[in-house]
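The structure under discussion appears below in the form of structure tokens.
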Amino acid sequence: MKINYILSVLLSACLSWAAAQVPEPAAEQTQAILLKGGIAHLGNGEVIDNSLIAFDQGIITLVADATKARIDIAGYTIIDVTGQHVYPGFILPNSQVGIEEVSSVRAMSDSRETGRFNPNVRSLVSYNTDSELPPTFRFMGILLAETTPVGGVISGTSSLMNLDGWNWEDAVNTADLAIHMNWPGRITGRFDFATFTFSRKPNKNYANEVAEIAAFFDDALAYGALAAKERNLKLEAMQGLFDGSKVLMIHTNGPKEIVESVKMAQAKGVEHIAVVTGTGALAVKEFLADNNIPAVIQRVHSLPDRADMDVDLPYRLPVELTRAGVKVALSHTGMLALARNLPFYAGTAVAYGLDKEEALKLITLNTAEILGVGNKMGSLKEGKQANLFVSRGDALDFRTNKLTHAYIQGREIILNGRQEALFERYTKKYSNE
Amino acid sequence: MRKLILVWMLAVYAASGWAQVTFPRNDVKDERERAFAFTNATIVTDYQTIFTNGVMLIRDGKIEYVGDSRAVPAGYTVIDVQGKYIYPSLIDIYTTYGVPKAERPKGSRWRGAEQIEPKTKGAYNANDAIKSDYSAAENFSIDTKKAEALRKAGFGTVNTFHADGLARGTSAFVTLGEDSENNVLLNEHAAAHYSFNTGSSTQNYPVSTMGFIALLRQTYLDAEWYGRQNPRPFKDQALEHWLLSQSLPQIFAARNWLEVLRADKLGDEFGVQYIIKGSGDEYKRLTEIKATNATLIVPVNFPDAYEVDDPIDAMDVSLADMKHWELAPTNLAALYRAGVNFAITTADLAKPADFWPNLRKAIANGLPQQAALKALTYTPANLLGEYGQVGSLAKGKLANFIITSEQLFADKTIIHENWVQGNRFVLKPLSVADNRGKYDLSLGNTVYKVKITGEPGKQKARIEVNDSTNIDLTTKFAKEILTASFKPAGGDGLVRLSGWRTHNGWKGTGKLADGSDVTWTLVRTGDVQPKEKKGKEGDKPQVPDLGEVIYPFVAYGAPTLPQQQTILFKNATVWTSDEAGVLENTDVLLKEGKIAQIGKNLSATGARVIDASGKHLTPGIIDEHSHIGATSINDVATNSGMVRIGDVIDPEQINIYRALSGGVVALQILHGSANPIGGQSALIKLRWGESPEKMKIAGADGFIKFALGENVKRSRNPSSIRFPQTRMGVEQAFMDAFSSAKAYEQKWQAYNALPKKAKAKAVPPRRDLADEAMLEIIKGERFISCHSYVQSEINMLMKVAERFGFRVNTFTHILEGYKVADIMREHGAGASTFSDWWAYKWEVRYAIPYNATIMHDAGVTVAINSDDANQIRRLNQEAAKSVKYGGMSEEEALKMVTINPAKLLHLDDHMGSITVGKDADVVLWSGHPLSVYSIAEKTLVDGKVYYDLEQDRARREYIRAERARLIQKMKEAKKNGSRTRKGKSKQKLDFHCDDITYDSFLE
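Just so you know, the protein sequences line up as chains P and U, in that order.
Heads up: the first sequence begins at 489 in our numbering, then just goes up one per residue.
Heads up: the second sequence begins at 54 in our numbering, then just goes up one per residue.
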């Protein structure tokens, strides 16, 4: 079995890719494809045990139960995936993929612009399609990512990227879909490098900082209403929040801060609001549910914020919020490379009480809906983009997440990357000994 | 040396009486006897002796007589202290009174160029933190403001030191008099002081508590070596003073109970019993504190209640902080009951005025008054060897005493006077006239009935017009003069009176409302009957309702520790991690902390049977590379081989419990990677609730951290000047360390080979703790775990080791191990790696998740480690990733977190697998141990259940209930006027390799 495994990896590596570059972007879908016999996890909570999934020109054309549906298979390239699992492509929100390479090297990071209010800054234009991280994400089934600026009060505008493409223009799936805002904390956790200690202190400046943000929103609203004006790039970039074309992503983990920030945004007429948050949201989960505010969880695999907290609270967080009626998506914060473990965060939610198909939503349909692209992707549904993959087994568990095919807008992408090539090289080196 | 001490003592004797005589005079001679007699007093001469109706005679600042009543000879000023109490004045053994404060270093030591050499100018120590040459006496000057505050609290003498450095020099014993330094300085060599705080030093090494301990150990050794040589090999005035001060009382400052234990352990190594200044949290670990046999100096710095009105804000206050708020006032009583000897200090108080309220709180919580008095008089005097002068009232001793209104520790006692060396300081006058009574106020032709009530000093007067109408008579009583005024009924003008005391009242002149003159008398006519106080019985203060001490003293601690049980797991899927492989439907019997039996259909009488059907039992997870459970992780000397993590184990870190919840039973706490040669590791089992020493794995081999690459060459500090700055230099740092150790070995061999006589005469070579650690490595007595990333450096260290004839035990992280797996196998090095970390810095650019699989397949023993308090909870899942990446078999994958790390840590003879005879360290999983869907239900260490899902739920409930109770109690305290403070929980840091703490600042 071991030998077979290595052979299969070697084979696919040899076929597809040899140079020390990221895999070549896939060509447009020219041939209609039918995946036959797979266990299809639709992403909306439903499963078809023996499915037919077809897509053409990048769009899903058929999602059906093979035991019931009758279709004409002429014109389709048929791929038998019997016994394998078919999933909608996982979507990674709130990530610095493509704009950060090696985090400790300043020259290799383009994620943090200077200044406090930068809605005009767009991650899209510095997205590096030659980044070496996306291949490792795709390898796990993560096919799209929201590349997101960080820093300041308003960090900038994010875009949803296909994790495959020749250049950013070509790789963008949905441009400029969200503005990210870091809400100030009432308590500031300050890390002091001089003493290397961490202390939490009340933020005396909180009210001023909040007032400054509110004023910025007011100015943006007033700007939008002016007929004739000198162009202001910052205020212009904010207009999408008021016309419903952009989502406001509020980053905060403070319960009171969640309420205050959401109320501020609502008062200013922001249509789509989401919070990027952690266990702090639990104290106000009813508020989120009552106001239909979805939550993007920063990182399921994290430590509780306080010693007194339930040991498994971060693991349980998606479950608790979902049960309270909050729409939840999962993201990753911290070491960028570890974002590839997104599927296992959903797996953890299962271990702590969520149904598997419900958990799948947290990294597919819910994410798409929160980002405002639920009509285009996030589930296996006719008419949606053909962002999907096939895995030998359960893609939410370590041992069985083994992709055999993956498609972004119908284009079959190369799954192996440099890491697989190195595996091949050194396996060969030692087997020749 | 003895000679010098004698000289010191003479100097003290000379200084205390006649110093003024030597001073120039600018007047006629004016010397007075200053003889006083105190009569009719209740005199408490020491903490065990009371004279009721006693007499005390003092002259010239000394006590001449104290005891039963007797006639006072002529020539004494007699002070009748009828009804009052006289006590020896209190002694504070731990102050910085009158000694200049040291500057704290400003700015960051994190960035910028390191200060490798000492900054102190002159012939002093190699390290700025060793300030044993500092003399508090030389820098002492009277601070009248502070002296007054201390006298107000009843103190008469204090020991005062310079709070700066690890070795802080000698303290001075001084009175709180104000006439001149010459008179108040009693002993300029009172005690030697030490701490775990480098203070004003900005020298690069040491920055961590373990470094502080290492430096103090090395200094003991250096001083001994230095002191044996005459002439000296070089001059070091700090070492000279160190040597001299060894015969003094040795006082060590500890900031928490852990540091009390650490200080005591340090002293034990060098035959020193420190007097240890504690922090007031000793009740948290009484057994271990008692076992030190140290006398403690204990503050009464009880924390204020927290503001907990808002439930969301209250989350910022931890259970541990809340419990400490409640239990801190019980600390002294607990120490007393445990039989710990202690002195009480005013140190650490937010303000000196808190001393008495807090001390009374301690007494209300069970500290006997006699013990309190002892701890403030006899004990400090005795510890300092000053009982001949102070600490009790006896002939020949200093006339240092206080006069109090009642028994010293009673609730409303007033300290009237504080006498220092026969000098009188009046705080509240002894005799305040009691004017209570009924009077007739005759004012011209009018007579008013007047009633004066209230305690002396706070008396109020009013004119009784009839049964229901009173007029306030505003009065101001001086000793002999009365000023009064009132508005007569019906009139609107003010009557103003001024007069003097007579035999039966008062008399005087005044002005009526219209401004006309009047004479008046106030004649006493009788007593006022004091009002009966009601409801006394029910009002008695209740015995405080207190929560219990939990072990450890944080959330998820418990009042009792788990007990060893005989446990039989039935029908489990057993992953043995040994040759037996995975056994279906198998029973495992744990007995006396060991795995007793594995098989089918086992039974055992008295065993707790756990149905494990459908569940999986695995060996406990072992983490080869962790940084939880220690106060600090990094010191920064290029060769830090002398520092030891084992000196700074912190069993109160919540991450230990969290790791247990992920099935971890044991780990290696590794030093960080800030230097090529890091400190010595500690191998611990996660015995949650036990003391630091009991966490350690007995008999484990010694390990040490080495490191390579970016961290070692300080890549993220562009201003760093510390050698080495390149991987080339790193090799040389190793070559140097091992060459030095070889030379060291030869020196000792030559010395040990000397004939007996010659050896007796020779000075033994200087002991060097870093060289000794290096020598242990060369000799195969200590084993390297080396932080490593890229292949060149990995290969380099193996070559260095081979040149010195030893092997690198383990490469940890080893992210490019897959490139040199064959060389590692040949060398005999093991690997402990991350599953899938990469791209977080340049040197991990070529890290691949297939690393573990490739190395394993190449024949290297491979473990998966965490280096992270978060990830340690999922090591089974981290191992599972090798099934995905590279197709490792599940059984082999699990071994990477069980038997393989046990092998790398040389623990595999008794840990790491489910094998009969091995330690009963096992985990029961809800499902397949490599699945994301499984959770640890029980984690056992030595057959004791340290984590259990149900028990965890119970502890959550306990935390909830206990927090609710304490929040109620705090709210009541606030209502009753207690000070409160905002919730501000300090977080313990979760360490990684790269983290350097500046422990001097840790509170």
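Just so you know, even glycine gets a beta-carbon here, dropped at the ideal spot from N, CA and C.
Bridge partners of N471/U according to DSSP: I455/U, F478/U.
At least one C-beta of chain U is nearer than 9 Å to the C-beta of P690/P.
Taking the CA atoms as reference points, S254/U sits about 48 Å from K991/U. The beta-carbon distance between A189/U and G222/U, rounded to whole angstroms, is 7 Å. This is short enough to meet the 8 Å contact definition.
Interface residue (Cβ-Cβ distance to chain U less than 9 Å): I527/P is not classified as such. In the structure shown, H246/U falls within a strand segment according to DSSP collapsed to helix, strand and coil.
Here Y100/U has Q423, L426, K427, T430, Y431 as same chain residues with Cβ atoms under 7 Å from its own Cβ, once five neighbours each way along the sequence are excluded. In this structure K934/U is not in contact with S987/U, their Cβ atoms being roughly 15 Å apart against a cut-off of 8 Å. An exposed status is given to V74/U, since fewer than 16 other beta-carbon atoms sit within 10 Å of its beta-carbon.
Under DSSP, M669/P forms a beta bridge with I642/P, I738/P.
The contact set of V838/P on chain U, defined by CB atoms closer than 9 Å, consists of V985, Y986 in chain order. Judged by DSSP in its simplified three-state form, Y1000/U adopts strand.
Note that the C-beta distance between L239/U and T197/U is not below 9 Å. Scanning its chain for C-beta atoms nearer than 6 Å, with the 5 sequence neighbours on each side dropped, one finds around K844/P the residues V838, in chain order. Within the same chain, Cβ atoms closer than 6 Å to the Cβ of A520/P are found at D544, G563, Y564, the five residues on either side in sequence being excluded.
For the pair of segments examined, the region 687–705 of chain U was found to touch the region 264–280 of chain U: the number of CB pairs separated by less than 8 Å reaches three. When only Cα atoms are considered, V998/U and V718/U end up about 11 Å apart. Per DSSP, the continuous alpha helix (DSSP H) segment holding T855/P begins and ends at 853–858. Residue T671/U holds the alpha-carbon nearest to the alpha-carbon of L947/U among R835/U, E798/U, A815/U, T671/U. Contact residues of the region 799–831 of chain P toward chain U are V799, D800, M823, L824, A825, L826, R828, N829 (C-beta to C-beta distance below 8 Å).
Neighbours of M368/U across chain P, judged by C-beta separation under 7 Å: R794. Every unbroken stretch of the alpha helix (DSSP H) spanning 4 or more residues and falling wholly within the region 567–655 of chain P is given here in chain order: 621–626. Boundaries of the beta strand (DSSP E) harbouring Q650/U: 647–652, taken from the DSSP string. The beta carbon of D961/U sits closer than 8 Å to those of I952, A955, all from its chain and outside the five residues before and after it, given in chain order.
Among the residues of the region 734–766 of chain P, those with a Cβ less than 7 Å away from any Cβ of chain U are P743, K744, in the order of the chain.
For the region 227–252 of chain U, there are no residues whose beta carbon sits under 9 Å from a beta carbon of chain P.
In chain P, no part has a C-beta under 8 Å from the C-beta of V976/U; the shortest such distance is about 15 Å.
Counting only runs of at least 4 residues, the region 290–340 of chain U fully encloses the following alpha helix (DSSP H) elements, listed from N- to C-terminal order: 290–298, 310–322. Just so you know, the alpha carbons of N476/U and P482/U end up roughly 15 Å apart. Listed in chain order, the alpha helix (DSSP H) runs fully inside the region 204–252 of chain U are 234–237, counting runs of at least 4 residues. By the Cβ test, the region 205–220 of chain U is in contact with the region 461–481 of chain U, since at least three Cβ pairs between them sit closer than 8 Å. DSSP places Y840/P in the coil class of the three-state scheme, outside both helix and strand.
The three-state reading of DSSP puts M949/U in coil, since its state is none of H, G, I, E or B. Measuring C-alpha to C-alpha distances from W891/U to each of R880/P, N829/P, F730/P identifies N829/P as the nearest. Judged by DSSP in its simplified three-state form, Y564/P adopts strand.
Leaving aside the five residues that flank D618/P on each side, the residues in its chain whose CB is nearer than 8 Å to its CB run, in chain order, Q509, V510.
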